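**Q** What follows is a structure written as structure tokens; I'll ask about it next.
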Amino acid sequence: MRARLILAAFGIAAALGAAGPLRADDISIVGSSTVYPFMRLVADEFSKTSAAAITIEATGTETGFDYFCAGMADFLPDMNNASFAITRQQRRTCNRNGVRDIVAFLIGYDGLVVFTDAASPLTDIGRLDLYRAIAAETPAAGALRPNDVSVWAGVNDALPGLPIRVLGPPQTSGTRLYIEDGLLKPSCYELLGRLGRDVPRETELRCMKVRGDGAYVDVSEDDQFLIGAVGGAPGAIGLVGYGQFQLAGPAVKALTVDGVAPNFANIETQRYPLSRPLFVYVKRARLMRNPDMAAFLRLLLSDKVSGRGGALSRLGLVPPSDEITAQNRRTLDEGLEFECPSVFCAETAGN
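Each position in the sequence shown, counted from 1, maps to that position plus 78 in our numbering.
Listed below in structure tokens is the structure:
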């Protein structure tokens, strides 16, 4: 008997209800829409040999953590796919609800692709230019002021005089958190001439805020829908993960950021300015009682799937280093807490 693979795009309760109640030896996964296609591929492969029912739902990273940290009941998910490292607040919520032993795996790297319609005159954008276009407030004379720039030439006179319209993910998305925490905040600090530890919390929150005047538009957790929206909106810019962008058609094109293309090699070396790590978080107690879950993760971490030239790299996931791969496998074999090596992990851990 092969696995039952249930792919959901709506609320977890509805998804589980539609499939019938999950057994203790089934596998339920929620979280990042960026990680979703990678885990779906693993589930497809796993279903060839396992009878476990696998439920995968693209809820977005933050909503996924809400479900994951809600408790240990069997109807709550076993895993959360994440495009940012779990925050201190999320760990507190997990602990409060009895989810106290979490195993994590850094499964690879992705890049935030800045793209536009194929006919657009734009070919490159600076990281700071993108910040100045979508931040709610930007530095002027050493202080943050409301951002009212309406055209790209107002951000940088080398850019065309097109209206600023950036289509991106909503607040429930891990990609949106990366935009706020990995793009807006460090750019703001840089232009203020401040180090993170010297910035008051109020200023930090203001630095991370996205414009709400229509220059930035919340579109959808569905990345392919977002890509289609940009392809049909001449002059608009979109923000989506590299893996998802590999599925885009000829109606759109990627921009270089500070002259660096969002490609496999540049993301792998972190040369691309908007690179980020991707994670899978697992409840250790579920892992210890469910051999199918351990087998699923072993397949995910195998060279065949997530190694260089493996199935996930062909789908757009940039694999982790040999060192991190070895650490992932030790984590699985020994049930260890994963020590995240990413700078972005350190940034989010303080939230």
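Here a beta-carbon is modelled for each residue, glycine too, at the ideal position from N, C-alpha and C. Here the structure is a predicted model, which is why all the values come from computation and not from measurement.
State yes or no: is the C-beta of Val227 within less than 9 Å of the C-beta of Gly239?
**A** Contact: no.
**Q** Are three or more beta carbon pairs between the segment 391-408 and the segment 113-120 nearer than 8 Å?
**A** Yes, since at least three Cβ pairs between the segment 391-408 and the segment 113-120 fall closer than 8 Å, the two stretches touch.
**Q** Counting beta carbon pairs with one atom in the segment 261-270 and one in the segment 216-224, are three or more of them shorter than 8 Å?
**A** With the cut-off at 8 Å, the segment 216-224 and the segment 261-270 touch.
**Q** Determine, using beta-carbon pairs with one atom in the segment 129-149 and one in the segment 241-253, whether at least three such pairs fall under 8 Å.
**A** Enough Cβ pairs lie closer than 8 Å, so yes.
**Q** If you scan the segment 105-157 from start to end, which runs of the beta strand (DSSP E) of 3 or more residues do you find wholly inside it?
**A** Listed in chain order, they are 105-109 and 132-135.
**Q** Nearest CA to the CA of Thr194: which residue from Ser106, Ala372 and Ile242?
**A** Nearest C-alpha to Thr194: Ile242.
**Q** Excluding the 5 residues preceding and the 5 following Phe357 in the sequence, name in chain order all residues of the same chain whose CB lies nearer than 7 Å to its CB.
**A** For Phe357, where only same-chain residues beyond five positions count, the Cβ hits under 7 Å are Ala160, Ala163, Ala182, Phe183, Leu184 and Ile185.
**Q** Is there at least one non-hydrogen atom of the ligand GDP closer than 8 Å to the beta-carbon of Tyr294?
**A** In the structure on display, the ligand GDP does not appear, and there are no ligands present to speak of.
**Q** Ignore the nearest five residues each way along the sequence and tell me which others in Glu299's own chain have a CB closer than 8 Å to its CB.
**A** Ser111, Ala136, Thr137, Gly138, Pro247, Pro248, Thr250 and Ser251, listed in sequence order.
**Q** What residue ranges within the segment 162-189 form continuous alpha helix (DSSP H) runs of no fewer than 4 residues, ordered along the chain?
**A** Counting whole runs of 4 or more residues, the segment 162-189 contains the alpha helix (DSSP H) stretches 166-174.
**Q** Can you tell me whether Lys263 is helix, strand or coil according to DSSP?
**A** Helix.
**Q** Could you name the residues that DSSP lists as bridge partners for Glu268?
**A** Answer is none; Glu268 lacks a bridge partner.
**Q** For the segment 358-374 and the segment 149-159, state whether three or more C-beta atom pairs, one from each stretch, are separated by less than 8 Å.
**A** At 8 Å Cβ cutoff, the stretches touch.
**Q** May I ask you to report which of helix, strand or coil DSSP gives Asp400?
**A** Residue state, collapsed to three classes: helix.
**Q** Taking only three categories from DSSP, how would you classify Leu222?
**A** It is a strand residue.
**Q** For Gly319, which of helix, strand or coil comes out of DSSP?
**A** It is a strand residue.
**Q** Can you name the start and end residues of the alpha helix (DSSP H) that Leu375 belongs to?
**A** First-last of the alpha helix (DSSP H) with Leu375: Pro369 to Leu378.
**Q** Within a Cβ cutoff of 6 Å, which residues of the same chain sit near Leu237, ignoring the five residues on either side of it in sequence?
**A** Once the five neighbours on either side are set aside, the close Cβ partners of Leu237 are Trp230 and Ala231.
**Q** Only counting the same chain, and skipping five residues up and downstream in sequence, which positions put a Cβ closer than 8 Å to that of Pro351?
**A** Around Pro351: Arg205, Val335, Asp336 and Val338.
**Q** Going by DSSP, what residue range makes up the alpha helix (DSSP H) through Asp301?
**A** Looking at the DSSP string, the run of the alpha helix (DSSP H) that includes Asp301 is Asp301 to Gly309.
**Q** In or out: Asn234 buried (at least 16 other Cβ within 10 Å) or exposed?
**A** By the 10 Å Cβ count, Asn234 comes out exposed.
**Q** Excluding the 5 residues preceding and the 5 following Leu410 in the sequence, name in chain order all residues of the same chain whose CB lies nearer than 6 Å to its CB.
**A** Answer for Leu410: Leu375, listed in chain order.
**Q** My output table needs one value for Ile287: the three-state DSSP class, helix, strand or coil.
**A** It should be pointed out that residue 287 corresponds to Lys in this sequence rather than to Ile. Note: Lys287 maps to coil in three-state DSSP.
**Q** Looking at the strands, I want to know which residues DSSP matches up with Lys331.
**A** Per DSSP, Thr194.
**Q** Let me know the secondary structure DSSP gives Ile242 once reduced to three states.
**A** DSSP places Ile242 in coil when its eight states are reduced to three.
**Q** Using CA coordinates, which residue listed in Pro355, Gly385, Leu390 and Phe303 is at the minimum distance from Ala404?
**A** Cα-wise, what sits closest to Ala404 is Gly385.
**Q** Excluding the 5 residues preceding and the 5 following Arg407 in the sequence, name in chain order all residues of the same chain whose CB lies nearer than 6 Å to its CB.
**A** Same-chain partners within the cutoff: Leu379.
**Q** Opposite Asp381 in the DSSP bridges: which residues?
**A** Bridge partners of Asp381: none, in fact.
**Q** Could you tell me which of Glu346, Gly316, Arg354 and Pro155 sits nearest to Val177, measuring between CA atoms?
**A** Selected option, being the one with the closest Cα: Pro155.
**Q** In terms of residues, what are the limits of the beta strand (DSSP E) holding Val358?
**A** Val358 -> beta strand (DSSP E) spans Ser353 to Lys361.
**Q** Just how far apart, CA to CA, sit Ser265 and Leu390?
**A** Approximately 31 Å between the Cα atoms of the pair.
**Q** How should Gly316 be labelled, buried or exposed, when 16 other C-beta atoms within 10 angstroms of its C-beta is the threshold for buried?
**A** Its Cβ being crowded by 16 or more others within 10 Å, Gly316 is buried.
**Q** Just checking my contact of Ser353 with Gly189 at CB under 8 Å: how many whole Å lie between their CB atoms?
**A** The pair is a contact, with the Cβ atoms about 5 Å apart (cut-off 8 Å).
**Q** Alpha carbon to alpha carbon, how far is Pro224 from Asp291?
**A** Taking the straight line from one Cα to the other gives about 11 Å.
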